[in-house]
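Structure first, commentary second.
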Amino acid sequence: MLSLSRVVATSGLLLIALLVFLTMRPAYAGTKDQAIWVEAWGHSAMTRGDTQDTAKRRALLDALVAAAMQGGATLRGYTYVDKSVVQADRALLLAKGQVLSHKVLDSSFDGNLWRVRVKALVGPVPAGICGGSRSLLITATMPNYSISPAAPAWTAEMSQTMFNDMMRTVERNRATKLERVIATSSAGQPASSVPSGMNYNALMTGAAPAAAKGDHILSTTFDVDVVLSNAMKAIVLNVDLAFKESNGNIRRHRISRTAPLPKNTTLHQLTLRNRTTAEGMLSNGVLKEFNTVLSALGCEPPSARLALAGKSLSVPIGASHGITRGALAVVDDPNDSFGLLEITKLENGRATLRPLDPSRSASSYAGRLVYFMEAGL
Numbered sequence: 001m002l003s004l005s006r007v008v009a010t011s012g013l014l015l016i017a018l019l020v021f022l023t024m025r026p027a028y029a030g031t032k033d034q035a036i037w038v039e040a041w042g043h044s045a046m047t048r049g050d051t052q053d054t055a056k057r058r059a060l061l062d063a064l065v066a067a068a069m070q071g072g073a074t075l076r077g078y079t080y081v082d083k084s085v086v087q088a089d090r091a092l093l094l095a096k097g098q099v100l101s102h103k104v105l106d107s108s109f110d111g112n113l114w115r116v117r118v119k120a121l122v123g124p125v126p127a128g129i130c131g132g133s134r135s136l137l138i139t140a141t142m143p144n145y146s147i148s149p150a151a152p153a154w155t156a157e158m159s160q161t162m163f164n165d166m167m168r169t170v171e172r173n174r175a176t177k178l179e180r181v182i183a184t185s186s187a188g189q190p191a192s193s194v195p196s197g198m199n200y201n202a203l204m205t206g207a208a209p210a211a212a213k214g215d216h217i218l219s220t221t222f223d224v225d226v227v228l229s230n231a232m233k234a235i236v237l238n239v240d241l242a243f244k245e246s247n248g249n250i251r252r253h254r255i256s257r258t259a260p261l262p263k264n265t266t267l268h269q270l271t272l273r274n275r276t277t278a279e280g281m282l283s284n285g286v287l288k289e290f291n292t293v294l295s296a297l298g299c300e301p302p303s304a305r306l307a308l309a310g311k312s313l314s315v316p317i318g319a320s321h322g323i324t325r326g327a328l329a330v331v332d333d334p335n336d337s338f339g340l341l342e343i344t345k346l347e348n349g350r351a352t353l354r355p356l357d358p359s360r361s362a363s364s365y366a367g368r369l370v371y372f373m374e375a376g377l
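Okay, so the sequence shown: first residue is 1 according to the UniProt record's numbering, each after it adds one.
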């Protein structure tokens, strides 16, 4: 029998992976047909300072973990790289099954130990399915433009139009919401801002608040240059995206496009080496690729760093970021195992948490990075 106490103490990699699969709760076409019903037990002992409700929740989670594991497991390794430097290696024991639905068959408490028996529908995890319900609140900074003197003048206007279209893409994507666009000073600090829905280039007036703590800050750079390619001059457009997350991490992505440099001659007009063709080639698929990047970020679980105030732990993200009351926070602790915290108070932009293990102090979690997983509790 899989015990949660043993998982927390010795197999944190297993626990976080299984919580991911508890996140993927919706049933998809073709998945239920291959699903099976399984029964599993979960156990959790009362400890000092614990409540019966907390212990029962741990026992239920233990049972769901055991049910998910009945679908099999596979080991995968991941390497985290930042600016070409390897930061860390992780190994996750991934369940091959997901809990599509469950019901509690029996629960009992003998004064010290909670026992919970569940019946769960476990099916295979569909390839490419996004299991998150994250909502990214985006604060965009005014873009930087680096236009080569050799580039046609119209590329500057094209870049500005492209940025405006990208902001509209943020507003349309189901995983994101554009909160505001802010100007930055020469030191890179917010100088002023305007709310979304306005002309994104008219930022010299307005006094809306700067980025909120839980926002993703999007910085965009447009670089346009002219290079020699196959004995012909070509325009190269690089759009560099940097998403600064509330946990301090920065995600980077580059969108690159190339087009022949147009010339105002009859021959070049006949061979379609004109502005219309070049502009179409430079903008082709840019918004689609940008939208894919946004959707990929939305598939990741919400994360933030824990802050300690007195004896209370909190994070600057909440319901507006896709977190629900039934979610659990998983703490990434490379020197120990993965800890678990439950939400005691959920607000739009803030969540207050406490450790599920009452033997661990709140101060021991201060500054730790947590990922929120929907456990359906």
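For each residue, glycine too, the CB sits at the ideal point set by N, CA and C. For clarity, every value in this text was computed on a predicted model and none was experimentally measured.
Can you name, in chain order, every residue of its own chain whose Cβ lies under 6 Å from the Cβ of residue i, other than the five neighbours on each side?
i    : result
H253 : L241, V293
K244 : I217, I250
Taking just the CA atoms, how far does residue j sit from residue i?
i           : j    : result
A140        : E300 : 20 Å
I343        : R275 : 56 Å
N112        : K311 : 26 Å
E171        : L178 : 6 Å
D110        : R174 : 47 Å
N144        : S256 : 16 Å
S135        : T176 : 6 Å
I147        : S364 : 50 Å
I250        : P149 : 31 Å
V224        : V315 : 40 Å
residue 383 : S361 : Look at the range of the chain in this structure, 1 to 377, and you will see that residue 383 is not part of it.
L356        : Q70  : 25 Å
L340        : H321 : 20 Å
E289        : A211 : 25 Å
T169        : A183 : 20 Å
L369        : L313 : 12 Å
S359        : R48  : 7 Å
A151        : V236 : 9 Å
S219        : A296 : 17 Å
N291        : A307 : 32 Å
M46         : L64  : 19 Å
L61         : T54  : 11 Å
K263        : Q160 : 23 Å
I323        : A68  : 22 Å
L353        : A309 : 11 Å
A231        : T221 : 28 Å
V99         : G298 : 21 Å
K103        : A366 : 35 Å
Classify residue i as helix, strand or coil using the three-state DSSP reduction.
i    : result
L340 : strand
Y365 : helix
S359 : coil
D215 : coil
R254 : strand
L306 : coil
G298 : helix
K177 : strand
R168 : helix
F150 : It should be pointed out that residue 150 corresponds to Ala in this sequence rather than to Phe. Three-state result, A150: coil.
D240 : strand
T141 : strand
D53  : helix
L287 : helix
S312 : strand
T220 : strand
L261 : coil
M162 : helix
D110 : coil
M69  : helix
M232 : strand
R48  : coil
Spatial neighbours of residue i within its chain, please: C-beta separation below 7 Å, excluding the five flanking residues on both sides.
i    : result
M162 : S283, V286
Y200 : Because the pLDDT at Y200 is just 46, under 50, the model does not fix this residue reliably, and the value given afterwards should be weighed accordingly. Closer than 7 Å at the Cβ level, and outside the excluded window around Y200, lie F163, N164, M167, V181.
K233 : V226, L261
R325 : I343, L346
I36  : V122
N238 : D223, R254, S256
A259 : A234, I235, A278, M281, L282
Might you give, ordered along the chain, the residues of its own chain that have their beta carbon closer than 8 Å to the beta carbon of residue i, omitting 5 neighbours on each side?
i    : result
M158 : E279, L282, S283
G248 : R305
D215 : L137, I138, T139, E179, S246
L105 : E39, R117, V118, K119
T51  : none
G318 : G214, L346, E347, N348, G349, R350, A351
A153 : none
A56  : The sequence as given places Lys at residue 56; Ala does not occur at that position. Closer than 8 Å at Cβ, skipping near neighbours: S44, S107, F109, W114, V116.
Run through the DSSP bridge pairs and tell me what residue i is partnered with.
i    : result
M281 : According to DSSP, which records beta bridges pairwise, M281 is partnered with nothing at all.
S101 : L121
L136 : T176
L60  : None, per the DSSP bridge assignment.
When you compare the CB of residue i with every CB in chain D, is at least one pair closer than 8 Å?
i    : result
G298 : Among the chains in the structure shown there is no chain D, since it carries only a single protein chain.
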